[in-house]
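Take a look at the structure below.
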Amino acid sequence: MEHSLSCYRCGSIYTERTRQRCDCGEPLWFDTPVNSDLLSLSASIDSIWTYQDLLPVAQPRSGIAASVGATPLHRLAALDSIGPAIYLKNEGLHPTGSFKDRGSAVGVTAAVEHGVSAIGTVSHGNMAMSTAACAAGTELDCYVFVPDDIPPERLYNIGQFGPTIVRVSGSYGALYEKSLELEQTHDITFVNSDSPLRTAGQKTTGLEIAHEFVQNKALPDAPDAIVLPVSSGGHASATWKGLRELAEAGLIETVPRLYFVQAAACAPIARAYTNGASTATALSPDDVGETIAYSIANADPPSGTRALTAARETGGSVLAVTDKDIHAARNQLARRGGISVESACATTLAATEQLVEIGELNTTDHVVLVGTGSGFKEQRTGDIATVEASVEALETVLKH
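Residue numbering for the sequence shown follows this note's numbering, beginning at 1265 and increasing consecutively.
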C-alpha cells in the first residue's frame, strides 16, 4: 500500500518518502487510508507488525525490530483511591526498556530497505540506545549525537551496542536541525524524535491501547483519557495520529482526551498551553532549570506545536509537575503498583493527581498512563530502610 506524507496543519501532501518537514515548517507524518477491512481489532497483538498495513515498511525477518511492541496494559487497582480507574501501558518491557523501540524498528527497517549506508539519531539517551540496538546485526553504521552533559550511565547503555557516539556541545535544538542538513548531504537516514518513520512506529502505542480496550468486553472501546510524558512532542502526536486513524475508520467512537506532561523546570509546551499560545516556542536558557526527568527536558521541542494541537483537539491539556511530585509519584508506582518507571514516566501519575484535584478526571473515568521507560536504567541513590537481625531473631521481625 502507498503511504504518502502529509502535514497535519496545512494539509500539504508529499510523495518523497525521505522528506521530514513541510514547507510550512511543521513535521510530516505518513498517511494511510484506514477502514475496518484493513484492520481487525479482534486479532491478538503480536508486535507492532500486527498493524503491518498501517506502517510504511514490511516486517523484518530477524533482529529485535521484528518483535517490538505488544507491551502489557496493567490494571493498577491499588491506585484507584486517587479517583479514576488507572491502567499503565508498560513500555519499559521493550528490548531496550523504552517506547523508543517502536519507532527505531520502523526507522532501521526503512534504512535497510532503502539501501542507505548509515542510520543516525539525536537523543538524550533512550532513543540513541534503541536505534543502536535495532541497527545491531544489520549492515548499517550507526551514529548517535548526544548532549555533552549526558549522564555516564546512559553512555554505557548506548555504547554496548557499538554505535559511533558523538557528544555535542551547544543547543539541542540546533543539533536537531543540523542533523536534518547532514541527511541531505550524506548517505544516512536520521530517525529523530519526530521523523515520519519514527512517528509511524510510535503511533502503535495508541493503536495497542485502543485494541486492548476493544478486546475487553467489560471496558469501553477506548479509555476516557491517556496521559503521556512529552519531550519533543513526537510520541504524543504519534499517539494522537494512531487514535485518529481508528476513529476515522469507525473502529472506536471517539479519540480519548490526551493529557501531556512536562517537568516544571523545562516545560515549553505546557507554558504555551497555559498562555493560550497557538505555537510552542523554545525556552531561553534562563527559563530552563535542572530536573530529575532528564529524558523529557527538551527546551526546543520540534513537534511541540503538533502536540499542543493534539491536546486541544481531543479536549485534553498540557501540564507541568515539580520534581518533588515526580519523586513521590515514582515511589507510588513502585510501592503500590509494583512497577519501576523512569522519572519522566512518573510525571503521568503526578499529573493525574493534579487533574483529579481540578475536576478534569473523576471516579467514572478509565485512565491510561503511558509508562514510557523502565526505571531500572536510571541510577538512583538514597537511603533505603532496612532491618538488622540475626538468624535466631528473625521471628521477632515478622509482623504476622
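Using N, Cα and C, we set each Cβ at its ideal position, and we do this for glycine too.
Here the C-alpha atom of Val1525 lies approximately 47 Å from the C-alpha atom of Ser1654. When only Cα atoms are considered, Ala1575 and Val1519 end up about 11 Å apart. In this structure, Thr1296 lies near Leu1318, with their beta-carbon atoms less than 8 Å apart. In this structure, Ser1495 keeps its C-beta atom at 8 Å or more from the C-beta atom of Ser1394. The continuous stretches of beta strand (DSSP E) do not include Thr1611, which lies in the alpha helix (DSSP H) extending over residues Ser1607 to Glu1621.
Secondary structure remark: continuous beta strand (DSSP E) runs of at least 3 residues inside the region 1412-1441, in chain order: 1428-1432.
In the three-state reduction of the DSSP assignment, Ile1383 falls in the strand class, which pools E and B.
Looking at the DSSP output, Arg1285 sits in a beta bridge with Pro1291.
Around the beta carbon of Gly1637, 16 or more other beta carbons lie within 10 angstroms, which makes this residue buried.
DSSP, reduced to helix, strand and coil, places Thr1627 outside both helices and strands of the structure shown, so it counts as coil. Ile1312 and Leu1461 have their C-alpha atoms some 13 Å from each other. Between Ala1374 and Pro1320, the beta carbon gap of about 7 Å places them in contact (Cβ cut-off 8 Å).
Pairing Asp1310 with Thr1428, the inter-Cα distance amounts to about 32 Å. Using a C-beta cut-off of 8 Å, the region 1501-1510 makes contact with the region 1461-1477, since at least three inter-stretch Cβ pairs fall below that distance. A direct Cα-to-Cα measurement between Glu1621 and Ile1590 gives close to 16 Å. Of Ala1584, Ser1567, Gly1497 and Asn1539, the smallest CA-CA separation from Thr1555 is found for Ala1584.
Residue Gly1333 holds the alpha-carbon nearest to the alpha-carbon of Leu1357 among Gly1333, His1499, Arg1570 and Ile1346. With contacts defined as CB atoms closer than 8 Å, Ile1490 and Val1582 fail to qualify as a contacting pair. Beta-bridge analysis with DSSP links Pro1493 to Val1525. Linking Leu1419 to Phe1425 through their CA atoms gives a straight-line distance of about 11 Å.
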